[in-house]
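Quick note, the sequences are listed as chains F and E, same order. Okay, so the first sequence: first residue is 4 according to the working numbering, each after it adds one. Okay, so the second sequence: first residue is 4 according to the working numbering, each after it adds one. Even glycine gets a Cβ: it sits at the ideal position worked out from N, Cα and C. A short write-up of the structure that comes next.
There are 2 protein chains.
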Amino acid sequence: MTSAERREQIIQAATSVFGDRGYHGTTTDQVAKAAGISQPYVVRMFGTKEALFLEVINAALAMLLVSFREQLAEHRSSGEPAEALVPKLGNAFIDLVKTRGLHRSLMQGFVSGGDPVIGVAARRGFLEVYAFLRDEAGFAPEEVQTFLSYGMLTSVLLCIEMPSLFGRDSDATELACAAFGHKLDLVLETMGPDAASA
Amino acid sequence: MTSAERREQIIQAATSVFGDRGYHGTTTDQVAKAAGISQPYVVRMFGTKEALFLEVINAALAMLLVSFREQLAEHRSSGEPAEALVPKLGNAFIDLVKTRGLHRSLMQGFVSGGDPVIGVAARRGFLEVYAFLRDEAGFAPEEVQTFLSYGMLTSVLLCIEMPSLFGRDSDATELACAAFGHKLDLVLETMGPDAASA
DNA sequence: GATGGTTGTAATCGAATGATTACTCGAACC
DNA sequence: GGTTCGAGTAATCATTCGATTACAACCATC
């Protein structure tokens, strides 16, 4: 396998593991095992655990923005009214659960915002999404705030695995229905009560 | 000092440190130093680091609910219209920045939701707030969702220390103004560009 | 069939960390 | 004035983990 392919594979495995256990809670050996390789190789490929984590965060943000820009392009060529864009981007955001650990790794990056290195990347990444929504998607600042708010609730619900209580706690069920809407089935496939959890 | 006082002091110190560095990223020695005592005493007082973290999370949730119930009682006795309650609770939530690390420790608990022990506490705590807003405060489910969303955005912005860019990045400034409103000054006191970020 | 570059691993090291043990100090109490 | 008990610490232990080093296997290409 070429080192570029290996790199991609490690980042994917690391996204899942970092999403589950956070930056400090993840060992390079866990990432290595998830990628099916040896621990020293992970370290040598990225230099340090911190560098790997930054790559995971940046890759997640890049996927997010690619997905958003796709939706924006589709929307522009469809001639639909402006307000149809919001749910499209919202659905695209939830669709990212298909990339296991993406939302959760991003949140892990955000809560590590106190770290001098990770914090800079987290703030820059967050502001990049903010600027996209306002400047490219054309949202008003209050619309951006609202959109980001719902995104953060979605992400937190995924972090605490609220969907695992679906059908077993009425409040959790109600909240999951409200937050994930008609994307609920997709979410339950990954995080539902029956989903094999890792 | 009595052990009860010491306990309270350790929880306060731990809230600050766990908020900064997360569950796995925090050492019991850091908590001990922040509380001005020795590391073994921290461990013996709470048994394990995990037990201490759970106490921190539960104490934070308790403070949050006490504060919300105060606002609710005030609101009820004031005879103001129902919609005046939302900003009151929102302001009360931001006011909790006075308890250093509270928002951030809660978020650290949420992103550790994959942990078999912490996860249960995180989900239970989140649902407790949900139930309060819907059943005690009388919010409709969609109102609860919106309120929680804004709360999560607020918390994430605090986690990534976005206010530290206030006045130095125009997007960050705009976002902080929108998210913190007239509580901005209070937030900047703790997390602003000039605040000593101990 | 040597040579060199690339992919990959086994072995290991040093530092950090949660926890345990054994101890000190001081005050209340009989 | 000895004794007990709660508050608190110094010393230390066993693990864990990120990182380093040295080495093995493969595969071009001359």
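How many angstroms separate the CA atom of residue 52(E) from the CA atom of residue 162(E)?
22 Å
Residue 39(E) versus residue 67(E): straight-line alpha-carbon distance, rounded:
26 Å
Residue closest to residue 46(E), alpha-carbon to alpha-carbon, out of 13(E), 195(E), 82(E), 182(E):
13(E)
For residue 101(E), which option in 168(E), 190(E), 42(E), 31(E) has the closest C-alpha, if you only look at C-alpha atoms?
190(E)
What three-state label does DSSP hand residue 140(E) in the structure shown?
coil
Excluding the five sequence neighbours on either side, which residues of its own chain have a C-beta within less than 7 Å of the C-beta of residue 180(F), listed in chain order?
187
For residue 112(F), the three-state DSSP class (helix, strand or coil):
helix
Thinking just about the alpha-carbon of each residue, which of 28(F), 115(F), 146(F), 166(F) is nearest to the one in residue 177(E)?
146(F)
Put residue 192(E) into one of helix, strand or coil per three-state DSSP.
helix
Any beta carbon from chain F within less than 8 Å of residue 135(E)'s own beta carbon?
no
Do you know how far the Cα of residue 81(F) is from the Cα of residue 114(E)?
38 Å
Would residue 15(F) and residue 156(E) qualify as a contact pair, given that the criterion is a beta-carbon distance under 8 Å?
no
Expected contact under 8 Å - CB spacing of residue 124(E) and residue 55(E) to nearest Å:
Contact flag wrong, Cβ pair sits at about 13 Å.
Does DSSP put residue 23(F) in a helix, a strand or coil?
helix
Within chain E, partners of residue 100(F) - CB distance below 7 Å:
What residue 100(F) touches in chain E: nothing, since even the nearest Cβ is about 14 Å away.
So is residue 6(E) buried or exposed if we call it buried at 16+ other beta carbons inside 10 Å?
exposed
Mapping the DSSP letters down to three states, classify residue 41(E) as helix, strand or coil.
coil
Taking only beta carbons into account, state which residues of the stretch 140-166 of chain F come closer than 9 Å to chain E, listed in chain order.
144, 145, 147, 148, 149, 151, 152, 153, 154, 155, 156, 157, 158, 159, 160, 161, 162, 163, 164, 165
Listed by chain order, chain F residues near residue 197(E) by CB distance under 8 Å
The premise fails here: residue 197(E) is roughly 17 Å from chain F at the closest Cβ pair, so nothing lies under 8 Å.
If we call anything under 8 Å between Cβ atoms a contact, is residue 74(F) one with residue 99(F)?
no
Our contact map puts residue 154(F) next to residue 96(F) with C-beta atoms below 8 Å; I'd like the distance itself, whole angstroms only.
6 Å
Ignore the nearest five residues each way along the sequence and tell me which others in residue 182(F)'s own chain have a CB closer than 7 Å to its CB.
156, 157, 160
Where the alpha helix (DSSP H) through residue 173(E) begins and ends:
173-183
Less than 6 Å between C-beta atoms, sequence neighbours within five positions excluded: which residues of the same chain meet that for residue 109(F)?
63
Going by DSSP, what residue range makes up the alpha helix (DSSP H) through residue 93(E)?
88-98
For the candidate residues 10(E), 20(E), 23(E), 137(E), whose alpha-carbon lies nearest to that of residue 89(E)?
137(E)
Compute the Euclidean distance between the alpha carbons of residue 128(F) and residue 4(E), then round it to the nearest angstrom.
46 Å
Assign residue 23(E) to one of two classes, buried (16 or more other C-beta atoms within 10 Å of its C-beta) or exposed (fewer than that).
buried
So which residues on chain E does residue 24(F) lean against when the C-beta distance must stay under 9 Å?
27, 115, 117, 118
Three-state secondary structure (DSSP) of residue 122(E):
helix
Residues near residue 121(E) in its chain [Cβ-Cβ closer than 8 Å; skip 5 each side]
26, 53, 56, 57, 60, 112, 115
If you reduce the DSSP assignment to three classes, tell me which class residue 32(E) lands in.
helix
Is the shortest distance between the beta-carbon of residue 93(E) and the beta-carbons of chain F less than 8 Å?
no
Closer than 7 Å by C-beta to residue 49(F): which residues in its own chain qualify, once you throw out the five before and the five after it? Chain order, please.
55, 58
Is the separation between the beta-carbon of residue 19(E) and that of residue 104(E) shorter than 8 Å?
yes
Inspect the beta-carbon positions of residue 174(E) and residue 130(F) and report whether they are closer than 8 Å.
yes
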